[in-house]
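Enquirer:
Residue numbers (our numbering): 19 to 193.
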């Protein structure tokens, strides 16, 4: 994000104003380490006032570590632990998630493959039909860690929505 730094930002300022913009000083070390322990490619931008902005795109879910050191001394608030949730890595598929083709009164199913997205809770809610004990409840099983099988009875009227959430993130926009 652009703009001025906030309390949660790690601010690194260039000591030598004669350096060319975009060059990091020789004694400044910036590193992002991925969940597999390997360095991650990152973009480094320097603003006019000598503040460096570091950005990277996680390629998988997991814990990342950002390290910033100048002359061998860690910058304030460093190292920083970051968690990537990897929602792009989640796949939701099967007939029960499709907007058409499910027969009212019959059961259907779909799969949520979140094996690459970290551990979160899967919640499936059938909205727009029934309340309390009359509300249809999906059955969720996890045959393998992070791989979920969801089975539910299609409501007798087709005016319902299926809300699928993994952690705090909505995976679908409603059926």
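Heads up, the beta-carbon is just placed ideally off N, CA and C, and yes, glycines get one too.
(1) Does residue 90 pass the burial test, meaning 16 or more other C-beta atoms within 10 Å, or should it be called exposed?
(2) Can the beta-carbon of residue 125 be found closer than 8 Å to that of residue 171?
(3) What are the uninterrupted segments assigned as beta strand (DSSP E) that are 3 or more residues long and contained completely in the region 42-116, given in chain order?
(4) Expressed to the nearest angstrom, what Euclidean distance is found between the alpha-carbon atoms of residue 145 and residue 181?
(5) If we call anything under 8 Å between Cβ atoms a contact, is residue 142 one with residue 156?
(6) Between the C-alpha atoms of residue 49 and residue 72, what's the straight-line distance to the nearest angstrom?
(7) What does the Cβ neighbour count give for residue 111, buried or exposed, with the cut at 16 atoms within 10 Å?
(8) Suppose the cutoff is 7 Å on Cβ atoms and the five residues either side in sequence are ignored; what does the same chain contact list for residue 114 look like?
(9) Got a sec, what are the start and stop residues for the beta strand (DSSP E) residue 145 sits in?
(10) Would you mind sorting residue 199 into buried or exposed? The rule is 16 or more other CB atoms within 10 Å of its CB.
(11) With distances taken from CA atoms, which of 46, 86, 58 and 159 is nearest residue 74?
(12) So, at 7 Å on beta carbons, what are the nonlocal neighbours of residue 161 in its own chain, with the 5 sequence-adjacent residues on each side left out?
Expert: Reading off the structure:
(1) As a working note, residue 90 is residue 72 in the chain shown. It is exposed - the Cβ of residue 90 has fewer than 16 other Cβ atoms within 10 Å.
(2) Walking along the chain shown from the start, residue 125 turns up at place 107. Walking along the chain shown from the start, residue 171 turns up at place 153. Between residue 125 and residue 171, the CB-CB gap stays under 8 Å.
(3) Annotation: the region 42-116 contains the following complete segments of the beta strand (DSSP E) (minimum length 3 residues), in chain order: 46-51, 61-64, 70-73, 80-88, 98-102 and 109-111.
(4) Along the chain shown, one-based indexing puts residue 145 at 127. Along the chain shown, one-based indexing puts residue 181 at 163. Each residue's alpha carbon lies about 7 Å from the other.
(5) Translated into the one-based positions of the chain shown, residue 142 becomes position 124. Translated into the one-based positions of the chain shown, residue 156 becomes position 138. Yes, Cβ-Cβ distance for residue 142 and residue 156 is below 8 Å.
(6) For the purposes of this step, residue 49 is identified with residue 31 of the chain shown, where counting begins at 1. For the purposes of this step, residue 72 is identified with residue 54 of the chain shown, where counting begins at 1. As the crow flies, the alpha-carbon of residue 49 is around 9 Å from that of residue 72.
(7) Locating residue 111 in the chain shown gives position 93, counting from the first residue. Exposed, because fewer than 16 other Cβ atoms sit within 10 Å of the Cβ of residue 111.
(8) If you number the chain shown from 1, residue 114 lands on position 96. Answer for residue 114: 120, 126, 127, 128, 168 and 170, listed in chain order.
(9) In the chain shown, residue 145 corresponds to position 127, counting from 1. Looking at the DSSP string, the run of the beta strand (DSSP E) that includes residue 145 is 140-145.
(10) Residue 199 lies beyond the range of the chain shown here (19 to 193); nothing can be said about it.
(11) Counting from one through the chain shown, the residue named residue 74 turns up at place 56. If we check each option's Cα against that of residue 74, 58 comes out closest.
(12) Within the chain shown, residue 161 is the residue found at index 143, counting from 1. The residues are 167.
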